[in-house]
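As you go down the protein sequences, you meet chains A and B in turn. Per numbering that gives the first Met the number 0, the very first residue in the first sequence carries number 0; after that it's consecutive. Per numbering that gives the first Met the number 0, the very first residue in the second sequence carries number 0; after that it's consecutive. No residue lacks a Cβ here, since even glycine has one placed at the ideal position from N, Cα and C.
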Amino acid sequence: MSGHPYRALPAKAFWRREVAGLAPADVDPVGRFDLRITPETRVATAGSCFAQHIARHLKGSGFHYYVAEAGHPILPERIRESHNYGTFSARYGNVYTARQLRQLVDRAMGRFAPSEPAWIDPDGTVRDPFRPTVQPGNFVSVAEMEIDRRQHLAAVRRMLTDLDVFVFTLGLTEGWLSREDGAAFPLCPGVEGGTFDPARHVFHNQTVAEVVEDMEAVLATLRAVNPRAQVCLTVSPVPLMATAVPGQHVLSATTYSKSVLRVAAQELTDSHAFVHYFPSYEIITGAFNRGRYFAEDLRNVTEEGVGHVMRLFLAHATVGEVARARPAPPAREDAAEHLLAQAARFVEVECDEVALDRGS
Amino acid sequence: MNWLPWRRETKDESFLPDTTSVTTRSITIIGDSHIQAIKKALLDRTNAGAKPRISALRLTGKKQGDLTFDEAVAFAAQRGPEDILAVIRRGNFYNTLALIQHPQAFDLLEPGADAADLQEGAELVPHAVMKDFFTSTIQSGYVKMHRRLREASPAPVICLEVPPPKEDAEHIRRSAETFFVQNNIAEAGVTPAPIRLKLWKLQQSALAASCHELGIDYLPSPAGTRNERGFLRPEFYAPDATHANAAYGELVLRQLEAISRTPNAGLATVQEAIR
Numbered sequence: 000m001s002g003h004p005y006r007a008l009p010a011k012a013f014w015r016r017e018v019a020g021l022a023p024a025d026v027d028p029v030g031r032f033d034l035r036i037t038p039e040t041r042v043a044t045a046g047s048c049f050a051q052h053i054a055r056h057l058k059g060s061g062f063h064y065y066v067a068e069a070g071h072p073i074l075p076e077r078i079r080e081s082h083n084y085g086t087f088s089a090r091y092g093n094v095y096t097a098r099q100l101r102q103l104v105d106r107a108m109g110r111f112a113p114s115e116p117a118w119i120d121p122d123g124t125v126r127d128p129f130r131p132t133v134q135p136g137n138f139v140s141v142a143e144m145e146i147d148r149r150q151h152l153a154a155v156r157r158m159l160t161d162l163d164v165f166v167f168t169l170g171l172t173e174g175w176l177s178r179e180d181g182a183a184f185p186l187c188p189g190v191e192g193g194t195f196d197p198a199r200h201v202f203h204n205q206t207v208a209e210v211v212e213d214m215e216a217v218l219a220t221l222r223a224v225n226p227r228a229q230v231c232l233t234v235s236p237v238p239l240m241a242t243a244v245p246g247q248h249v250l251s252a253t254t255y256s257k258s259v260l261r262v263a264a265q266e267l268t269d270s271h272a273f274v275h276y277f278p279s280y281e282i283i284t285g286a287f288n289r290g291r292y293f294a295e296d297l298r299n300v301t302e303e304g305v306g307h308v309m310r311l312f313l314a315h316a317t318v319g320e321v322a323r324a325r326p327a328p329p330a331r332e333d334a335a336e337h338l339l340a341q342a343a344r345f346v347e348v349e350c351d352e353v354a355l356d357r358g359s
Numbered sequence: 000m001n002w003l004p005w006r007r008e009t010k011d012e013s014f015l016p017d018t019t020s021v022t023t024r025s026i027t028i029i030g031d032s033h034i035q036a037i038k039k040a041l042l043d044r045t046n047a048g049a050k051p052r053i054s055a056l057r058l059t060g061k062k063q064g065d066l067t068f069d070e071a072v073a074f075a076a077q078r079g080p081e082d083i084l085a086v087i088r089r090g091n092f093y094n095t096l097a098l099i100q101h102p103q104a105f106d107l108l109e110p111g112a113d114a115a116d117l118q119e120g121a122e123l124v125p126h127a128v129m130k131d132f133f134t135s136t137i138q139s140g141y142v143k144m145h146r147r148l149r150e151a152s153p154a155p156v157i158c159l160e161v162p163p164p165k166e167d168a169e170h171i172r173r174s175a176e177t178f179f180v181q182n183n184i185a186e187a188g189v190t191p192a193p194i195r196l197k198l199w200k201l202q203q204s205a206l207a208a209s210c211h212e213l214g215i216d217y218l219p220s221p222a223g224t225r226n227e228r229g230f231l232r233p234e235f236y237a238p239d240a241t242h243a244n245a246a247y248g249e250l251v252l253r254q255l256e257a258i259s260r261t262p263n264a265g266l267a268t269v270q271e272a273i274r
């Protein structure tokens, strides 16, 4: 009998042995993954809703979830958390697209200043168009929003310089841009503040090449200010809430969007030794779990699914270090608060994309 | 006659009501440290030969006090619908938070304020964040107590605004209470007055909003007690960092007496009385 390349392959290369033949909880689709973190490694996060889970689990597992914009220490943690300090490593809110991330980095480095003016709500309060839901109750004035934005961008600069590992979850390819200067909005103007104006705002659905180009720009800036930085890319498994592609079905639009992001992530990983891909998308969406990692709405990810992702992430990235990490003791809660917190964790993370579906 | 069975032995008898004036509306004020200004004003009146029909009761703290909060609730239940029950509580929350300059300086911008008003080098805390902090603190602390009093008392309940902050940082540093001395106000310094005033406003507006929800009237500090920038005028300073004196307490007593002379102490009446 002649040999062939498949004979020498490890078990994980075979579907029957490593996917169909295992209990769902035992499936481990992690391929080559060279990233290593210790309890001292400063891990920063950004991205779509799913990145919030990674941040939460890192914090809960005793690893150094690096927050560059933590809010003033005079405020109790519960207040800071409810105002989105610590949701991500800086108070940028959800960063859904590679274009948004690139522009966030450029703005932090002083290379881009979008022309979009502040959004004024009917009650006179003010939103930052580039993080319109980050401040509950909004800002009291344009001046306050601009000062807070300056502080925020300084924190982003600090984060880029000081982080050891940057975990970015690619979420969407669809987005809305300013016709004037191409500024990318996290949400379509008019959904959560602002006013949609077809003469000023335009829809755009990114291609693989565009995502790769945007991310290459981000990586170049990051490594320029922080040569030791490592990057971990994931693709959010959360489907689109809605698609704006004319005539498109949301399911097909989701497949397109996630496919583009997955291919872009692979190209970036293949191009740079400091970029690592972690297959959280595959763990959540893989047929092996028979859909059980999605909640009833078929969008939100269950705590069981997030647990599977984070168990594998920590196992692969923190070899020999998990035991050394000491999870912070849980805050004392009374029984009612504990129950409410448990319910909240199943798993309705703050995801302002939900606003797209409001009232429909 | 010890008509308050829970009455504590105390040298200060100013809380004793005038039991001879049973046909007039009685006024009772309960509170914690800020009630001292009112008690002193009542003592001044008593020493001057008057027999006030107002009682001021200090809730029991670690060292001093006339009655516990549970006793205050029981006392409130004994009021008649024609009486007045006033409350002045926990007014120093904003001071415990920020009388002493925080090592990481902060400031906040009020609606309509100019960015140039911010303390140089201070970290901005968004107004909505600080407002939420004060609102949630008021909700978790004051509201439960106020609700209990409101539900127990047949008499209308009036919440008294605490005195505004003192502008004079040197006075504060020189006269700071033990709590602030122990927390090293001498070295850390005093938070700039405009910031303390903003925090006081947030505290009081959160309290006023909660009172409104509970059907409790909110009585602002007496007219003429604040300077043109909104701070407590020096002639109303008690010899410490945070409290007002008997002269201020006397003006509060006059506010309440003005209210008691009107047939119904509803919100409109209160507002009318203080004009």
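Here the region 183-192 of chain A makes no contact with the region 249-256 of chain A; the two share fewer than three CB pairs at distances below 8 Å.
Under the 10 Å beta carbon count, Glu186/B is surrounded by fewer than 16 other beta carbons and is classified as exposed.
Here the C-alpha atom of Glu215/A lies approximately 28 Å from the C-alpha atom of Phe62/A.
For the pair of segments examined, the region 47-54 of chain B was found not to touch the region 111-131 of chain B: the number of CB pairs separated by less than 8 Å stays below three. Burial state of Asp33/A is exposed, judged by a 10 Å Cβ sphere holding fewer than 16 other Cβ atoms.
With the criterion set as a beta carbon lying under 9 Å from some beta carbon of chain B, the members of the region 60-93 of chain A are Gly70, His71, Pro72, Ile73, Leu74, Pro75, Arg77, Ile78, Arg79, Ser81, His82, Tyr84, in sequence order. Judged by DSSP in its simplified three-state form, Leu218/B adopts strand.
Among the residues of chain B, those whose CB is under 8 Å from the CB of Pro135/A are Ala127, Asp131, following chain order.
Contact between the region 105-122 of chain B and the region 164-183 of chain B is absent, with fewer than three C-beta pairs closer than 8 Å. Rounded to the nearest angstrom, the gap between the Cα atoms of His101/B and Pro80/B is 46 Å. Taking 8 Å as the cut-off between beta carbons, the residues of the region 146-179 of chain A near chain B are Ile146, Asp147, Gln150, in sequence order. For Ala107/A, the closest Cβ of chain B is not nearer than 8 Å. Tyr280/A is positioned such that its CB atom lies no closer than 8 Å to that of Val217/A.
Taking a beta-carbon distance threshold of 8 Å, Phe287/A does not count as an interface residue toward chain B. Between Glu143/A and the set Arg126/A, Arg157/A, Arg261/A, the nearest pair of CA atoms involves Arg126/A. For the region 109-125 of chain B, the set of positions with a beta-carbon nearer than 8 Å to some beta-carbon of chain A reads Glu109, Pro110, Gly111, Ala112, Asp113, Ala114, Leu117, Glu122, Leu123, Val124, Pro125 in chain order. Residue range 97-107 is occupied by the alpha helix (DSSP H) that includes Leu100/A. The C-beta of Val318/A has fewer than 16 other C-beta atoms within 10 Å across all chains shown, which makes the residue exposed. Taking a C-beta distance under 8 Å as the contact criterion, Ala112/A and Val155/A do not qualify as a contact pair. With the rule of 3 Cβ pairs closer than 8 Å, the region 161-178 of chain A counts as touching the region 33-53 of chain A.
Partner residues in the beta bridge of Asp106/B, as assigned by DSSP, are Leu123/B. For Glu143/A, the closest Cβ of chain B is nearer than 8 Å.
A direct Cα-to-Cα measurement between Ile29/B and Val72/B gives close to 10 Å.
Lys50/B sits in coil when the DSSP states are folded into three classes, being neither helix nor strand. For Thr95/B, the closest alpha carbon among the candidates Asn83/A, Asp105/A, Asn93/A, Ile73/A is that of Ile73/A. With fewer than 16 other CB atoms across the displayed protein chains lying within 10 angstroms of its CB, Asn226/B is exposed.
For Leu58/B and Pro135/A, the gap between their C-alpha atoms comes out near 37 Å. Along the region 136-189 of chain A, the beta strand (DSSP E) occurs as fully enclosed runs of 3 or more residues at 164-169, 173-177, listed in sequence order. A straight-line Cα-Cα distance of about 13 Å links Gly290/A and Val305/A. Contact annotation: Ala263/A and Phe202/A have beta-carbon atoms that are not nearer than 8 Å. With fewer than 16 other Cβ atoms inside 10 Å of its own Cβ, Gln103/B counts as exposed. For the 8 Å CB-CB criterion, Arg199/A and Glu179/A form a contact. Fully contained in the region 31-86 of chain A are the following alpha helix (DSSP H) runs of length 4 or more, in chain order: 48-59, 76-81. Only buried fits Asp213/A, as 16 or more other CB atoms lie within 10 angstroms of its CB.
Non-local beta-carbon contacts of Arg253/B in its own chain, meaning distances under 8 Å to residues more than five positions away in sequence, involve Pro221 in chain order.
Taking the beta carbon of Ser209/B as reference, no residue of chain A falls within 7 Å; the closest one sits roughly 17 Å away.
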